[in-house]
Amino acid sequence: MNKSKIGENIIKLRQKNGWSQKYFSYKLRLTQSAVSQYERGVRVPEDHIKKKIADIFEVTVDSIFFK
1 MNKSKIGENI IKLRQKNGWS QKYFSYKLRL TQSAVSQYER GVRVPEDHIK
51 KKIADIFEVT VDSIFFK
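Heads up: the sequence shown at position 45 corresponds to 45 in the UniProt record's numbering, and the numbers run straight through without jumps.
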């Protein structure tokens, strides 16, 4: 999957939960800048962060990063 599609998926899930980027970055224990880069497709999260994102949203890693 391309970086921009991954970013779109993260944005959709974050907005579905009514979370700001700032709040989501707090839950991930990452900087808001890192979350912004994931959402804009500038970079892809490392595997352990992918798992953390999926756990926070209560979805599978595949549903965010490989569909």
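No residue lacks a Cβ here, since even glycine has one placed at the ideal position from N, Cα and C.
First and last residue of the uninterrupted alpha helix (DSSP H) at residue i
{"i": "residue 36", "result": "32-40"}
{"i": "residue 67", "result": "Looking at the DSSP string, residue 67 is not in any alpha helix (DSSP H), and its letter there is neither H nor E."}
{"i": "residue 7", "result": "3-16"}
{"i": "residue 25", "result": "21-28"}
Nonlocal neighbours in the same chain, by C-beta distance under 7 Å from residue i, ignoring five residues either side
{"i": "residue 9", "result": "64"}
{"i": "residue 61", "result": "50, 51, 54"}
{"i": "residue 31", "result": "25"}
{"i": "residue 45", "result": "38, 53"}
8 Å CB neighbourhood of residue i in its chain, flanking five on each side removed
{"i": "residue 59", "result": "13"}
{"i": "residue 21", "result": "14, 32, 35, 36, 39"}
Beta carbon of residue i nearer than 8 Å to that of residue j
{"i": "residue 38", "j": "residue 7", "result": "yes"}
Same chain, Cβ closer than 6 Å to residue i, neighbours up to 5 away in sequence not counted
{"i": "residue 57", "result": "13"}
{"i": "residue 41", "result": "3, 4, 7"}
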